[in-house]
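Written below as structure tokens is the structure these notes are about.
Number of protein chains: 2
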Amino acid sequence: MKYETRKDEIIQTSAVLFQKKGYSAVTMRDIAKAMGIKAASLYNHIKSKQEILSEIIISLAEQFTEQMKIIKNSDDNSIDKLKQIVALHVNTTSNNQFGMASLNNDWMHLEAELEYYLKLRKNYENDFRGVIEEGIQGSELINGNPEVMLFSLLSTLRSLYIWLPKKEDLDIEKFTTELSLVLINGINK
Amino acid sequence: MKYETRKDEIIQTSAVLFQKKGYSAVTMRDIAKAMGIKAASLYNHIKSKQEILSEIIISLAEQFTEQMKIIKNSDDNSIDKLKQIVALHVNTTSNNQFGMASLNNDWMHLEAELEYYLKLRKNYENDFRGVIEEGIQGSELINGNPEVMLFSLLSTLRSLYIWLPKKEDLDIEKFTTELSLVLINGINK
DNA sequence: AACTAAAACTAACAAGTGTTAGTTTAATAT
DNA sequence: ATATTAAACTAACACTTGTTAGTTTTAGTT
Chain U
103 MKYETRKDEI IQTSAVLFQK KGYSAVTMRD IAKAMGIKAA SLYNHIKSKQ
153 EILSEIIISL AEQFTEQMKI IKNSDDNSID KLKQIVALHV NTTSNNQFGM
203 ASLNNDWMHL EAELEYYLKL RKNYENDFRG VIEEGIQGSE LINGNPEVML
253 FSLLSTLRSL YIWLPKKEDL DIEKFTTELS LVLINGINK
Chain G
103 MKYETRKDEI IQTSAVLFQK KGYSAVTMRD IAKAMGIKAA SLYNHIKSKQ
153 EILSEIIISL AEQFTEQMKI IKNSDDNSID KLKQIVALHV NTTSNNQFGM
203 ASLNNDWMHL EAELEYYLKL RKNYENDFRG VIEEGIQGSE LINGNPEVML
253 FSLLSTLRSL YIWLPKKEDL DIEKFTTELS LVLINGINK
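These protein sequences, in sequence, are chains U and G.
Here our numbering runs 102 ahead of the position in the first sequence, where the first position is 1.
Here our numbering runs 102 ahead of the position in the second sequence, where the first position is 1.
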């Protein structure tokens, strides 16, 4: 079975539409049409459009924050931690390519859960920054500006959802290795 | 004078709003309110909401495509060309921080000009890819996957609009240098 | 066959959408 | 002063929005 419940089907169908046009431009009638039913019928399964967005974004944000904490608290060296962070993003994006678009572009349309989302994101970024600073202090990383490094890594990892779907026949593990190499060692010979 | 014309003021005001909530979530009444007038009055200066979006996006896309062509056709080496591309993004973003959000997130809401925009973007990306491939062939860059390199660089450069505004007191030139270093040489010691 | 519950339906709502028509105001040139 | 014009206004339009109420259909159980 592709979907666990009808509610799950609504959420996943919505994620596909949200990715193409964004939350605000997708109507309940669009979502219903994509499922072959009428808009009013959606409300037998969900309580609002907002709930759909919230379910898509919060579950992903929690996954990232949780996994990041585990990586941060492991006793691997900093370079290995960074590689694990890259793998976390590649794997999560590859399993949830549509939801990642909402996570990146539609979080500002959260209402009740906006604050909670922002807290999760801040935790995630702080942990990421911690890994980088640790790497600089331990002389594993160059003595550069940690903010610039964080920005550069995070930007690339957050954009994976745009890029991964274009490469259907992709060896995920090989790609993770290639990307880690480029991000950590650069492209200069 | 901050604005050249009233139309220009509408476009810049809209860009600020589009950046916060996206094109679809911003209404003509929102734009009018931000300018202290009524929605209908906007139509003395512009012909549609769509025209506003188009003016924001197309002018930026043309700037990038033009400048990229100049960089590509220069006879600098590949590393220098990459540094110039980084500078192009940093400078353009720093001069047009709000418009860059629409360029990145709202291009799919273009109607008449969507095709033209896609053509410009394709040209830009092809030229960028060309610079990278040239660098690999000339042994200036590692012999890695050029698609992965392009993706990584482009993702970071395209995200500058999120990050630059957070660092108000930023030395643009110094930042350009730091970013080039991280992108080209990596973060590994 | 009768009952139940899930999930679809039709119809409608109140509010909000981009946009137009026609009018008034404000500023400038004759 | 008068005429002109740019740019604001009010009022309204046709349509779309998320959502609710009430009803019918579908499918499984007794």
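Glycine residues also receive a C-beta, built at the ideal position from the N, C-alpha and C atoms.
Bear in mind the structure is a predicted one, so any value in this text is a computation, not a measurement.
Consider the Cβ of residue i: report whether some Cβ of chain U lies at a distance smaller than 8 Å.
i	result
Ser176 (chain G)	no
Glu242 (chain G)	yes
Thr258 (chain G)	yes
Ala163 (chain G)	no
Leu222 (chain G)	no
Glu280 (chain G)	yes
Ile187 (chain G)	no
Gly288 (chain G)	yes
Ala136 (chain G)	no
Ala203 (chain G)	no
Tyr265 (chain G)	Correcting the residue identity first, residue 265 (chain G) is Trp in this sequence and not Tyr. Yes, Trp265 (chain G) counts as interfacial toward chain U.
Val233 (chain G)	no
Can you check whether the C-beta of residue i is within less than 8 Å of a C-beta belonging to chain G?
i	result
Phe253 (chain U)	yes
Ile133 (chain U)	no
Ser196 (chain U)	no
Leu283 (chain U)	yes
From residue i to residue j, what distance separates their C-alpha atoms?
i	j	result
Leu155 (chain G)	Arg260 (chain G)	18 Å
Met170 (chain U)	Gly138 (chain G)	46 Å
Leu285 (chain G)	Arg231 (chain U)	17 Å
Leu243 (chain U)	Ala117 (chain G)	38 Å
Ser282 (chain G)	Leu252 (chain U)	14 Å
Leu184 (chain U)	Asp208 (chain U)	27 Å
Lys221 (chain G)	Asn175 (chain U)	46 Å
Lys269 (chain G)	Val250 (chain U)	11 Å
Tyr125 (chain U)	Gln239 (chain G)	43 Å
Lys104 (chain U)	Ala141 (chain G)	46 Å
Arg223 (chain U)	Thr167 (chain U)	7 Å
Pick helix, strand or coil for residue i, following the three-state DSSP scheme.
i	result
Leu212 (chain G)	coil
Asn290 (chain U)	strand
Val192 (chain G)	helix
Asn146 (chain G)	helix
Lys151 (chain U)	helix
Starting from residue i, trace the alpha helix (DSSP H) in both directions and tell me its first and last residue.
i	result
Thr115 (chain G)	108-123
Gly138 (chain G)	No alpha helix (DSSP H) contains Gly138 (chain G), which DSSP labels as neither H nor E.
Ser204 (chain G)	199-207
> In chain order, which alpha helix (DSSP H) runs of at least 4 residues are fully inside the segment 159-184 of chain G?
Replying inline: none
> Where are the alpha helix (DSSP H) runs, 4 residues long or more, that stay fully inside the segment 210-277 of chain U, in chain order?
Replying inline: 216-239, 248-260, 262-265
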